[in-house]
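Here's the structure, in structure tokens; my notes come after.
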Amino acid sequence: MSDKRYLALNVAGMATSDGAGVALTRMVGTQQLDMVDPFLMLDRMDNDDPDTYMAGFPNHPHQGFETVTVMLEGQMRHQDSVGNDGLLAPGDIQWMTAGRGIIHSEMPEMISGKLKGFQLWVNLPAALKMIPPTYQDIPSAEVPIKDTGGATVRVLAGTYDGATGPAKAQTPIRILDARLEAETAWTITPVDGHNVFCCVYEGAITAVDDQGAERAVTAPAVAVFSGDGPIEITAGADGAEILYCEGHPINEPVARYGPFVMNTRKEIEQAVRDYNDGTLAT
Ligand code: MN
């Protein structure tokens, strides 16, 4: 047994579209990589043609989990059934806990024609699936940045190097947005038992697999790490930008159907009935 976590999977993601026709790459939540408990899905948007995203995500429901939007370029305007509205600018984060039900819209607004960012879905345990919906809009200025030896790390949620991210999750989570200069080695030690993946969204990294061999992970791709102990990665010749996602696995049955994620089929059927009856988000 190695005393370090090793690269267990390197997955390229799948081109698809969602909402009213937003082109995106599904990095987690595919046949190749169903989920990394508690992370149900990661969608990556990286569009420079407004025709591929301006239709946005008009009114739609969610129930049973949390949606996390990380904007890098462009803006996203949101409105929901609880009466919240806001505009996510580059660098901002929205952490929305759908809980028992919410209906919202997420509509891109152009800056220089670009839309770049992520939406991450974090599951909730059965005991928290029906809590009241809440959301946190977090401006980029509130996100701590740790800058050491070629690594610039934005701490979105959880703690890193003495800094605590502003996003409050319902379950133990750490989410970092890290930029590594060329050939920079970066080490991070996850909590024992937590699951970890990194979405490499610019450049490339190398990491060691279970045989001790150096493997390259080239953007856009998801690297899933297994084992225990620290993760050691090294940026490639052009550097790397990665979204690091670490969380405590919920280890419960997952029943999902579109925007609803519950524990059983029966609960999903109830969510669909409630949505059709207009009672989901009341
Ligand atoms: Mn949504």
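Our numbering numbers the first residue of the sequence shown as 1 and each following residue consecutively.
Beta carbons are placed, not taken as given, at the ideal position from N, Cα and C, and that holds for glycine.
Cβ separation of residue i and residue j, assumed to be a contact under 8 angstroms, to the nearest whole Å
i: A167; j: A151; result: Between A151 and A167 the Cβ distance is about 20 angstroms, and since that is not below 8 angstroms, they are no contact.
i: N123; j: L40; result: 5 angstroms
i: A223; j: V200; result: 6 angstroms
i: A23; j: S17; result: 5 angstroms
i: W121; j: T67; result: 6 angstroms
i: E80; j: I103; result: Note on identity: in this sequence residue 80 is Asp, with Glu being the wrong assignment. Yes, D80 and I103 are in contact; Cβ-Cβ is about 7 angstroms, under 8 angstroms.
i: N251; j: D34; result: Between D34 and N251 the Cβ distance is about 14 angstroms, and since that is not below 8 angstroms, they are no contact.
i: G165; j: P144; result: 7 angstroms
i: N47; j: L115; result: 5 angstroms
Member of the options whose CA lies at the smallest distance from the CA of residue i
i: I242; options: T206, D34, Q79; result: T206
i: A20; options: D37, T52, L33; result: T52
i: G247; options: I233, V82, L115, I173; result: I173
i: G227; options: T189, M262, P259; result: T189
i: P108; options: M76, P90, Q136; result: M76
i: D92; options: L128, D137, G258, M54; result: D137
i: P220; options: T164, H78, G203; result: G203
i: A89; options: G83, D192, G74; result: G74
i: T279; options: R44, G13, Q63, A55; result: Q63
i: A55; options: V82, F65, M110; result: M110
i: A185; options: L87, G165, V208; result: V208
i: I231; options: V191, G239, A240, E267; result: V191
i: D274; options: L42, A12, P61; result: P61
i: A169; options: D161, P139, W95, G193; result: W95
i: T322; options: T148, A281, V28, L42; result: Here the chain has residues from 1 to 282 only, and residue 322 is not among them.
i: G229; options: V28, G193, N276; result: G193
i: D3; options: D210, V217, E214; result: D210
Sub-7 angstroms separation of residue i and residue j beta-carbons
i: Q119; j: T69; result: yes
i: A182; j: A126; result: no
i: T25; j: A15; result: yes
i: G117; j: L72; result: yes
i: F225; j: R44; result: no
i: P259; j: N195; result: no
i: F65; j: V272; result: no
i: A178; j: V155; result: no
i: P58; j: S105; result: yes
i: C284; j: Y257; result: For residue 284 there is no data in the structure shown, the boundaries of the chain being 1 and 282.
- Please determine if the segment 99 to 114 and the segment 124 to 132 are in contact, where contact requires at least 3 C-beta pairs separated by less than 8 angstroms. Taking one beta carbon from each stretch, the segment 99 to 114 and the segment 124 to 132 have 3 or more pairs nearer than 8 angstroms; the two touch.
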